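Trainee: This is the structure I want to talk about, given as structure tokens.
Residue numbers (this note's numbering), protein chains in the order written: chain A, 1 to 202; chain B, 1001 to 1350.
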């Protein structure tokens, strides 16, 4: 076991797991009276995924020189809404209660492409979620939060399962095109459901 | 040259690597930026122990948790943080001057002339920087010999009190993703404008805790403390504090500050503090948001041993019900109100 793995395992067990539970509980509190929130989850990044990310290189050099401090999604949370219109409402709640250092709408690069859609935040870990009995050095400063519709969430989960398994063979061109097709369908379903929702004035 | 500073009871050894200083003039609204000098401060000599003390003391003195603002477009980018990271990447007079020029560009004549110090070093794996500004004062110097006393008016005296200054402390092991969070102190604070100048304008930062999150914490702590305490006097104190709280609109305060400002008893303070969770949450400052506050403590109810229940909006309770003491030793009171009945309800639970 490398020193990095040992450090992250300790952090995962003692700090990240309870922090994720606390973040999820707090998000549930903030969204308790909000309608059309399908699910709220938060979980720590697994040791395997963290180590894989820590080994990413850019221009043949490690991207992260201090992975424990530079990787900001050690805890990832997700708020899933029913309709596209609900994303802005959920975002308003998040921006009211959390200090953000980054917000971006992740969309495919070209209008001719279909793939992952979602709003991503990097948020400051609130002090009231930091257990005073824990070593503060084990608590990351930030966590990542994604806001997605049900269809965006469903597509990204299946896409991740099919396309990003560490041992999986690379997707063929045809498989990628079929995945893009499902993304386009999810995109279309989101649009139509949202139009129906607004037409019915709910 | 690296200089080590030791202090009794200080666990770690503080290593200061660089100190740069700049004279910062009021420059807000100036059409043309002034040419600015700046100099390196030696890591020895008379000034060094004073600056070392500020560097060491910053860990305790800087007690306002702040975070840099992200860019308006959502990117993780902040102009002041960029200047600090560039400086820490290789501290030079020129790089430090960009920070000083940023401060000058937001300095009004009211804030006046100031002397800015950039004190940087490292502790363990952390890079650390303390940025502090001392305002200019005037003073009189007196020289005496056997026959004469000569006095002279001095216009630019700084650090007359080593305890009256603005400062901010940042430390992080990463010069790429770190340095978003810091701790500030404003020992010269006398108005919201003063605080805005240092934290909002110069540092382009805000409280680490948003107004809504901080106010919600306070409101829930008050509500839960009032609910859980068996002491009727403490319940009453907390209820009165809730009524007065709306007058705090826009103030930057902590839960601790709130209990002190409203002069709550030790028992009430303890009851509130028992409801606060998290490291340092009790002392963390936020901007008070009355709208958020009333969302969580909207109504105040008084229950009488006669079986009566009186409810009104928390902030209006004392206006709606007049309270008269009718038997002080027996703690007997009479509540009264006047108006037209607009509704009556029956319920199965209180």
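All residues carry an ideal CB built from backbone N, CA and C; glycine is no exception.
Because the structure is a prediction, the values reported are computed rather than measured.
Buried or exposed: which applies to residue 83(A), given that a residue is buried once 16 or more other Cβ atoms fall within 10 Å of its Cβ?
Mentor: Against the first chain, residue 83(A) aligns to sequence position 83. Its Cβ being crowded by 16 or more others within 10 Å, residue 83(A) is buried.
Trainee: Just by C-beta distance, which residues in the stretch 1284-1306 of chain B are closer than 7 angstroms to chain A?
Mentor: Listed by position, the residues of the stretch 1284-1306 of chain B near chain A (Cβ gap below 7 angstroms) are 1284.
Trainee: Could you tell me which of 113(A), 172(A), 141(A) and 194(A) sits nearest to residue 150(A), measuring between CA atoms?
Mentor: As a working mapping, residue 150(A) is identified with position 150 in the first chain. The option with the nearest alpha carbon to residue 150(A) is 194(A).
Trainee: Name the chain B residues whose beta carbon is nearer than 9 angstroms to that of residue 62(A)?
Mentor: Here residue 62(A) refers to the residue found at position 62 when the first chain is read from its first residue. Under the 9 angstroms cutoff, chain B gives no residues; its nearest Cβ is about 12 angstroms from residue 62(A).
Trainee: Taking 8 angstroms as the threshold, find out whether the stretch 58-70 of chain A comes into contact with the stretch 112-119 of chain A through three or more Cβ pairs.
Mentor: Because the criterion of three Cβ pairs below 8 angstroms is not met, the stretch 58-70 of chain A and the stretch 112-119 of chain A do not touch.
Trainee: Shorter than 9 angstroms from the beta carbon of residue 1230(B) to some beta carbon of chain A?
Mentor: Position 230 of the second chain, counting from 1, holds the residue named residue 1230(B). No, because no Cβ of chain A sits closer than 9 angstroms to the Cβ of residue 1230(B).
Trainee: Return the CA-CA distance between residue 1054(B) and residue 1075(B), expressed in angstroms with no decimal places.
Mentor: Position 54 of the second chain holds residue 1054(B). Position 75 of the second chain holds residue 1075(B). Whole-angstrom Cα-Cα distance: 33 angstroms.
Trainee: Return the Cβ separation of residue 1242(B) and residue 1314(B) in integer angstroms, given the expectation that the two are a contact with Cβ distance under 8 angstroms.
Mentor: Stepping through the second chain from its first residue, residue 1242(B) is reached at position 242. Stepping through the second chain from its first residue, residue 1314(B) is reached at position 314. Correct: roughly 5 angstroms between the Cβ atoms.
Trainee: Output yes if chain B places a C-beta closer than 9 angstroms to the C-beta of residue 70(A); else output no.
Mentor: Within the first chain, the letter at position 70 stands for residue 70(A). Yes, contact with chain B.
Trainee: Would you kindly check if the distance between the Cβ of residue 1106(B) and the Cβ of residue 1168(B) is under 9 angstroms?
Mentor: Numbered from 1 along the second chain, position 168 holds the residue referred to as residue 1168(B). Numbered from 1 along the second chain, position 106 holds the residue referred to as residue 1106(B). Cβ distance not < 9 angstroms, so residue 1168(B) and residue 1106(B) don't count as in contact.
Trainee: Over what stretch of residues does the alpha helix (DSSP H) that includes residue 1227(B) continue unbroken?
Mentor: Against the second chain, residue 1227(B) aligns to sequence position 227. Residue 1227(B) -> alpha helix (DSSP H) spans 1211-1228.
Trainee: Is the separation between the beta-carbon of residue 1021(B) and that of residue 1083(B) shorter than 9 angstroms?
Mentor: Taking the second chain and counting its residues from 1, one reaches residue 1021(B) at position 21. Taking the second chain and counting its residues from 1, one reaches residue 1083(B) at position 83. No, the pair does not count as a contact, with Cβ atoms beyond the cut-off.
Trainee: I need the boundaries of the beta strand (DSSP E) containing residue 121(A), first residue and last residue.
Mentor: Indexing the first chain from 1 puts residue 121(A) at position 121. Segment 118-124, the beta strand (DSSP E) holding residue 121(A).
Trainee: How is residue 1029(B) classed by DSSP in three states: helix, strand or coil?
Mentor: The sequence position of residue 1029(B) within the second chain is 29, counting from 1. Three-state result, residue 1029(B): coil.
Trainee: Does residue 1333(B) pass the burial test, meaning 16 or more other C-beta atoms within 10 Å, or should it be called exposed?
Mentor: Translated into the one-based positions of the second chain, residue 1333(B) becomes position 333. The residue in question, residue 1333(B), is exposed, as its Cβ has fewer than 16 Cβ neighbours within 10 Å.
Trainee: Compare the C-alpha of residue 1047(B) against each of 1262(B), 1119(B), 1146(B) and 1126(B) and name the closest.
Mentor: Position 47 of the second chain, counted from the start, is the residue given in the question as residue 1047(B). Checked all of 1262(B), 1119(B), 1146(B) and 1126(B); the closest Cα to residue 1047(B) is 1119(B).
Trainee: Show which residues of chain A have a CB atom less than 8 angstroms away from the CB atom of residue 1223(B).
Mentor: By 1-based counting over the second chain, the position of residue 1223(B) is 223. Simply none; closest approach about 13 angstroms.
Trainee: In whole angstroms, what is the alpha-carbon distance linking residue 1186(B) and residue 1197(B)?
Mentor: As a working mapping, residue 1186(B) is identified with position 186 in the second chain. As a working mapping, residue 1197(B) is identified with position 197 in the second chain. Cα-Cα distance, rounded: 10 angstroms.
Trainee: Along chain A, in chain order, which residues have C-beta atoms closer than 7 angstroms to that of residue 1309(B)?
Mentor: As a first step, residue 1309(B) must be located in the second chain, where it is residue number 309. In chain order: nothing, as chain A lies at least about 25 angstroms away.
Trainee: For the stretch 69-82 of chain A and the stretch 29-43 of chain A, state whether three or more C-beta atom pairs, one from each stretch, are separated by less than 8 angstroms.
Mentor: Yes: the two stretches touch, three or more of their Cβ pairs being nearer than 8 angstroms.
Trainee: Taking only three categories from DSSP, how would you classify residue 9(A)?
Mentor: For the purposes of this step, residue 9(A) is identified with residue 9 of the first chain, where counting begins at 1. Helix at residue 9(A).
Trainee: Could you tell me which whole alpha helix (DSSP H) segments of length 4 or greater appear in the stretch 1228-1272 of chain B?
Mentor: Listed in chain order, the complete alpha helix (DSSP H) runs (minimum 4 residues) inside the stretch 1228-1272 of chain B are 1232-1245 and 1255-1261.
Trainee: Is the beta carbon of residue 127(A) closer than 9 angstroms to that of residue 1209(B)?
Mentor: Translated into positions along the second chain, residue 1209(B) becomes position 209. Translated into positions along the first chain, residue 127(A) becomes position 127. It is a contact, given that the beta carbons lie within the stated cut-off.
Trainee: Comparing alpha-carbon positions, which option in 1252(B), 1229(B), 1031(B) and 1250(B) lies nearest residue 1104(B)?
Mentor: In the second chain, residue 1104(B) corresponds to position 104, counting from 1. The residue with the shortest Cα to Cα distance from residue 1104(B) is 1031(B).
Trainee: Quick check: the Cα distance between residue 1023(B) and residue 1135(B), rounded to an integer number of angstroms?
Mentor: Looking up residue 1023(B) in the second chain gives position 23. Looking up residue 1135(B) in the second chain gives position 135. Roughly 10 angstroms between the two C-alpha positions.
Trainee: Going along chain A, which residues have a C-beta under 7 angstroms from residue 1177(B)?
Mentor: Position 177 of the second chain holds residue 1177(B). The answer, in chain order, is 69, 70 and 72.
Trainee: If you follow the beta strand (DSSP E) that residue 1167(B) is part of, which residue opens it and which one closes it?
Mentor: Counting from 1 along the second chain, the entry for residue 1167(B) is found at position 167. 1166-1172 is the extent of the beta strand (DSSP E) around residue 1167(B).
Trainee: Have a look at residue 94(A) and residue 141(A) and give me their C-alpha separation to the nearest angstrom.
Mentor: Numbered from its first residue, the first chain carries residue 94(A) at position 94. Numbered from its first residue, the first chain carries residue 141(A) at position 141. The alpha-carbon atoms of residue 94(A) and residue 141(A) are separated by roughly 17 angstroms.
Trainee: Kindly indicate which residue of 1108(B), 1300(B) and 1059(B) has the alpha-carbon position closest to the one of residue 997(B).
Mentor: Because chain B here runs from 1001 to 1350, residue 997(B) falls outside it and cannot be looked at.
Trainee: Would you say residue 131(A) faces chain B, with C-beta separation under 9 angstroms as the test?
Mentor: Residue 131(A) sits at position 131 when you count from the first residue of the first chain. Closer than 9 angstroms: yes.
Trainee: Could you tell me if residue 181(A) is buried or exposed, where buried requires 16 or more neighbouring beta carbons within 10 angstroms of its beta carbon?
Mentor: In the first chain, counting from the first residue as 1, residue 181(A) sits at position 181. Label assigned to residue 181(A): exposed.
Trainee: From this set, 184(A), 48(A) and 159(A), which residue's C-alpha is nearest residue 112(A)'s C-alpha?
Mentor: Along the first chain, one-based indexing puts residue 112(A) at 112. The shortest Cα separation from residue 112(A) among 184(A), 48(A) and 159(A) belongs to 184(A).
Trainee: By Cβ distance below 7 angstroms, which residues in the same chain neighbour residue 22(A) in space, the five residues on each side in sequence not counted?
Mentor: Mapped onto the first chain, residue 22(A) falls at position 22. Closer than 7 angstroms at Cβ, skipping near neighbours: 129.
Trainee: Mapping DSSP to helix, strand and coil, what is residue 1042(B)?
Mentor: Here residue 1042(B) is taken as the residue at index 42 of the second chain, counted from 1. Residue 1042(B): coil per DSSP, three-state reduction.
Trainee: Taking all protein chains shown into account, do 16 or more other C-beta atoms lie within 10 angstroms of the C-beta of residue 1(A), making it buried, or fewer, making it exposed?
Mentor: In the first chain, the residue the question calls residue 1(A) occupies position 1. With fewer than 16 Cβ atoms within 10 Å of its Cβ, residue 1(A) is classed as exposed.
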